[in-house]
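Participant: Residue numbers for the sequence shown, in our numbering: 1298 to 1396.
All C-beta atoms in this analysis are idealised placements derived from N, C-alpha and C, irrespective of residue type, glycine included.
Provided herewith is a single structure, encoded as structure tokens, for subsequent inquiry.
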Amino acid sequence: MVPADCGLGTALAAGGRQVLHLHGGDEAEFRLTRPVLDRLGETLAGSGRVRVRPGGEWAAVRLDTDSDLALALALTSVALKATGTVRDAAPCGAASRTG
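This is the structure we're talking about:
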């Protein structure tokens, strides 16, 4: 665990890339990458549990229930796999809220 690049909270990094940001106790953001969000973003957003920002690489989940935590674990796995093939880092959504 390291400080989040966006300046808000803590991050999980793998292979030198941040894949998960914890912004306080009730929200997590996952770096799913553009290719994954192009493929799954509409379905994730349609679930009502995931907030996907247009054009970004990150998706956010509120951590209110046990099923949200299960979703967070699954998205962490997706983020770890997806970022293994990405070269450039993109800021998480919280970065736009700090400026």
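Nearest CA to the CA of Val1358: which residue from Leu1366, Pro1351, Gly1352?
Facilitator: The candidate whose alpha carbon is nearest that of Val1358 is Leu1366.
Participant: Is the beta carbon of Ala1376 less than 7 Å from the beta carbon of Val1316?
Facilitator: Yes; because the gap between Cβ atoms is below 7 Å, this pair is in contact.
Participant: From this set, Asp1323, Thr1380, Gly1306, which residue's C-alpha is nearest Thr1362's C-alpha?
Facilitator: Cα-wise, what sits closest to Thr1362 is Asp1323.
Participant: Quick one: what's Leu1317 bridged to in DSSP?
Facilitator: Answer by DSSP bridge pairing, in chain order: Leu1309, Phe1327.
Participant: Sort out for me which residues DSSP pairs Ala1356 with in a bridge.
Facilitator: According to DSSP, which records beta bridges pairwise, Ala1356 is partnered with Phe1327, Val1349.
Participant: Can you check whether the CB of Thr1330 is closer than 7 Å to the CB of Ala1379?
Facilitator: Yes, they are a contact pair.
Participant: What residue range does the alpha helix (DSSP H) around Thr1373 cover?
Facilitator: Residues 1363-1380.
Participant: To which residues of the same chain is Ala1342 closer than 6 Å at the C-beta, ignoring the five residues directly before and after it?
Facilitator: Hits under 6 Å: Val1349.
Participant: Can you give me the Cβ contacts of Asp1335 inside the same chain, cut-off strictly under 7 Å, excluding the 5 residues immediately before and after it?
Facilitator: Excluding positions up to five away in sequence, the list is empty.
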